[in-house]
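Protein chains in written order, with this note's numbering: chain Z, 289 to 533; chain R, 8 to 261. Don't be surprised by glycine CBs; every beta carbon is placed ideally from N, CA and C. Every value quoted in this text rests on a predicted model; they were computed, and no experiment measured them. Right, one structure below, let's go through it.
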Amino acid sequence: MPVSAAEFREWLEGRSLSSSPTALSALTGINRGTLNNQLRRGNVAESTVIAIARATGMNVIDALSVFSPYQVIKTRPIEPSSAEILSQVHHADLMAELQFRTSKKHYPRELRTGIDLIPFPHDGSVRTWIDSIDPGDIRQQMSQETGMALTYIATQLTENKLNPSLAIAASRAGGGSFATGLVVTELITPAEGGWQIRAREDELLEVSDDVLVEAISARIHLLQRRVKQRKEAREYAEKMTELLG
Amino acid sequence: MNPLTVVPVSLMLILLGSLTFKRINTPVLGHQHALQGKASGIALSGIFLTLAYLLLLPPVYMGVEALVPLTNGTDLISKYFALVAVAFLGGHLSTAYGSPFARRWTVGAPGAAMLGIVATGLLGTLLATKAPNPSPQLLDYAAQPSVRLNTWLVLAYVAYIVFPLIKPAFKDSRKNPLRVGRIASGLIAAGFALSLVRAFTYPVELSATGDATYLFMIVSYISTAFVVIGLALFAYARKNRAAQTELGSALSID
């Protein structure tokens with residue numbers, strides 16, 4: 289969902305910034321040809337707006353919410369919900385937390401001292417975010433809002449990505465923070481999206497046992513599917529290399 | 008001896024010979040796997056195709072000519088070797104790509120019938136050709152209608168075999184989980200497509216004159232090279248256990 293070049297020029301003028309691709313390239317480090325193409329076609333990528341905001345010390349959410357597709361961002365809280373934060377914790381970290389809670393003797397928490405949580409995005413983290421806000425028909429709602437096919441959405445999720453318009457549509461359908469979708473899809477950083485510095489670590493410590501076990505159970509289900517897919521892919525590749533190699 | 012024919016044939020011979028030899032003689036692949044295992048069809052195809060090109064080298068051609076009772080019988084033998092190589096390849100690939108239709112088409116009853124017809128046609132067209140002197144690929148007599156038909160029969164048989172395999176090879180070039188596998192199948196599909204194009208555009212070749220005729224032959228050499236390199240990539244993937252190393256545990260994030 290790129291922003292319109294007219295709105296983009298107006299926004300630059302309001303900030304006393306030049307709209308020439310050369311000046312913007314020097315400011316952001318984005319290739320001049322890329323900027324030129326975006327302006328010529330009339331569609332400026334969100335990443336361009338964000339790069340300019342970052343380069344000029346502007347708040348990224350404030351910058352994005354100037355443009356019509358993103359004006360909704362500030363209509364809801366910027367900060368993520370607990371479920372959204374937990375969705376970005378890797379299943380191995382969830383299981384480690386389960387072990388720490390199971391036995392201080394066999395799994396002392398100190399074992400983890402000095403070791404960070406697995407960073408996100410990680411394999412399947414976009415899908416787990418979608419699942420954490422899904423009211424039941426989120427994919428259908430995303431498809432209806434954006435006009436994108438369900439198969440395209442499924443492919444995007446398999447590749448652990450989501451374009452900004454789908455991320456916004458997902459947030460709208462899920463009723464959560466619009467900014468979190470942009471964080472989860474790496475368009476903006478967690479700090480820019482209102483995440484506390486140790487949001488995931490704190491959430492992991494605070495989450496109740498039942499929510500933790502439920503989250504692990506859901507992740508195990510996804511993991512089973514991934515392991516099965518990997519097994520099938522390996523068997524197919526082995527068959528082909530054995531027959532043709 | 009036109010270098011435009013000798014050089015490509017020599018290059019193809021080097022490529023085919025070295026890759027076939029490597030396939031059979033590499034300890035990891037093993038001659039047992041290559042000749043008796045699941046990939047035997049590929050090795051046999053490589054051997055027959057190498058022999059077909061070997062016979063086209065002028066010194067070899069002249070040597071064999073002294074032994075065969077029919078003038079330019081060596082060209083016929085070379086083409087028979089090429090047909091057998093293509094049949095082996097077609098049969099094997101149809102199994103590998105899991106296409107029963109292609110299997111029946113290539114090595115089932117229709118495939119056998121087509122091979123018989125083309126083999127008979129090649130003998131008939133050679134007998135109908137006025138070729139008193141040995142000439143690899145009958146190039147000295149290329150203007151004769153029987154030689155043109157002779158050449159087209161080989162192209163048509165290759166096209167017949169590769170036609171049902173293009174789609175499965177193309178599909179694999181999209182869905183193979185290994186990058187090297189996708190490239191390999193892409194090359195095989197491209198090579199097959201080129202062979203098909205040459206067979207269908209053969210009438211255009213007939214109007215070509217001079218050295219331009221050799222350009223069309225190079226299309227076939229390129230298509231063969233694509234297929235051979237594609238198969239070599241599969242051998243490379245097997246040798247390096249690419250499936251096991253690249254598609255190991257789905258749990259590890261390291």
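Ser420(Z) carries a helical assignment under DSSP once its states are collapsed to helix, strand and coil.
If you draw a straight line from the Cα of Ala244(R) to the Cα of Ile124(R), it is about 38 Å long. When secondary structure is reduced to three states using DSSP, Asn331(Z) falls in the strand class. By alpha-carbon distance to Gly131(R), the top candidate from Pro143(R), Thr158(R), Phe170(R) is Thr158(R).
Taking a C-beta distance under 7 Å as the contact criterion, Met528(Z) and Gly188(R) qualify as a contact pair.
Around the beta-carbon of Gln326(Z), 16 or more other beta-carbon atoms lie within 10 Å, marking it buried.
Under the 10 Å beta carbon count, Thr401(Z) is surrounded by fewer than 16 other beta carbons and is classified as exposed.
Annotation for Tyr167(R): Met121 place their beta carbon closer than 6 Å to its own, counting only its chain and skipping 5 residues before and after. Within chain Z, Arg518, Ala521, Arg522, Ala525 have C-beta atoms less than 7 Å from the C-beta of Leu254(R), given in sequence order. Excluding sequence positions up to five before and after Tyr358(Z), its CB lies within less than 7 Å of the CB of Leu352, all in the same chain and listed in chain order. Counting along the chain, the unbroken alpha helix (DSSP H) around Ser375(Z) starts and ends at 370-375. In chain order, Gly48, Arg110, Thr113, Val114, Gly118 place their CB closer than 8 Å to the CB of Gly98(R), counting only its own chain and leaving out the 5 sequence neighbours on each side.
Only exposed fits Gly321(Z), as fewer than 16 other CB atoms lie within 10 angstroms of its CB. Around the beta carbon of Asn347(Z), fewer than 16 other beta carbons lie within 10 angstroms, which makes this residue exposed. Gly198(R) and Phe233(R) have their C-alpha atoms spaced approximately 5 Å apart. At least 7 Å separates the beta-carbon of Val16(R) from that of Tyr68(R). Here Ser304(Z) carries a coil assignment [DSSP, helix/strand/coil]. In the displayed model, Ser17(R) falls within a helix according to three-state DSSP.
Closer than 8 Å at the C-beta level to chain Z, one finds these residues of the segment 219-249 of chain R: Leu238, Phe241, Ala242, Tyr243, Ala244, Arg245, Lys246, Ala249. For Gly24(R), the CB contacts under 6 Å within the same chain, skipping 5 residues up- and downstream, are Thr57 in chain order. Of the candidates Gly533(Z), Glu526(Z), Ala293(Z), Glu530(Z), the residue whose Cα lies closest to the Cα of Ala250(R) is Glu526(Z).
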